[in-house]
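Novice:
Structure, rendered in structure tokens:
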């Protein structure tokens, strides 16, 4: 089995992600250094393309998250009135 596998996130639950690859499905967590880079948005979401590394017990770590081609966005409710609004992503 290769050192790294490319896959698709098909399930997310409590910090664990199921990644579908050509080699099968694996339960993975996000590598700590990735968490430090992005704090303003969800780091990993269902439908994201990712690169994972595997441990001997068939668990894995998400090493990279590909740039998203699309994202749903909505206006968040204004805080304290009708003044300014910001986009949630």
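In the numbering used here, the protein residues as written are 19 to 107. Where a beta carbon is used, it is the ideal one built from N, C-alpha and C, also for glycine.
Give me the Cα-Cα distance between residue 86 and residue 38, rounded to the nearest whole angstrom.
Specialist: Here residue 86 corresponds to residue number 68 of the chain shown, with the count starting at 1. Here residue 38 corresponds to residue number 20 of the chain shown, with the count starting at 1. Approximately 17 Å, taken between the alpha carbons.
Novice: Going by other Cβ atoms of all chains shown within 10 Å of its Cβ, with 16 needed for buried, is residue 80 buried or exposed?
Specialist: Here residue 80 is taken as the residue at index 62 of the chain shown, counted from 1. By the neighbour-count rule (16 or more Cβ atoms within 10 Å), residue 80 is buried.
Novice: Can you give me the Cβ contacts of residue 48 inside the same chain, cut-off strictly under 7 Å, excluding the 5 residues immediately before and after it?
Specialist: Numbered from its first residue, the chain shown carries residue 48 at position 30. So the qualifying residues of the chain are 61, 62, 80.
Novice: Am I right that residue 25 and residue 68 are in contact with their C-beta atoms under 8 Å? What's the rounded C-beta distance?
Specialist: The sequence position of residue 25 within the chain shown is 7, counting from 1. The sequence position of residue 68 within the chain shown is 50, counting from 1. Yes, they are in contact, since the Cβ atoms of residue 25 and residue 68 sit about 6 Å apart, within 8 Å.
Novice: Taking just the CA atoms, how far does residue 89 sit from residue 42?
Specialist: Against the chain shown, residue 42 aligns to sequence position 24. Against the chain shown, residue 89 aligns to sequence position 71. Whole-angstrom Cα-Cα distance: 26 Å.
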